[in-house]
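Before any comments, here is the structure.
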Amino acid sequence: VYEKKFYRQVIGGAMGSAFTLTLANIFMWKWEKQLVHRLKVSNEIYGRYVDAIFFTSNDSLEFID
């Protein structure tokens, strides 16, 4: 409900939903595996807390994208 009107979400997952969090963690686990290995080899830093990520890299922006 927003401004006394009902809306239906048609794309994406509900924020704060346990299921959405689980799906996000599954996706991130697969993505992180490759990134963390690469960062360890090049002695870089990586950290993640729920939906926030921090890492250092000397790679080009094109490669990171």
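Counting from 1, position 9 in the sequence shown corresponds to residue 18 in the numbering used here; the numbering is continuous, with no gaps. Ideal Cβ placement from N, Cα and C applies to all residues, glycine included.
| Item | Value |
| --- | --- |
| CB of E41 within 9 Å of CB of Y55, strictly | yes |
| F72: first and last residue of the uninterrupted alpha helix (DSSP H) it sits in | 70-73 |
| Reduced DSSP category for A80 - H, G, I as helix; E, B as strand; rest coil | The structure shown does not extend to residue 80, since the chain is modelled only from 10 through 74, so no value can be given for it. |
| N- and C-terminal bounds of the beta strand (DSSP E) containing Y58 | 55-58 |
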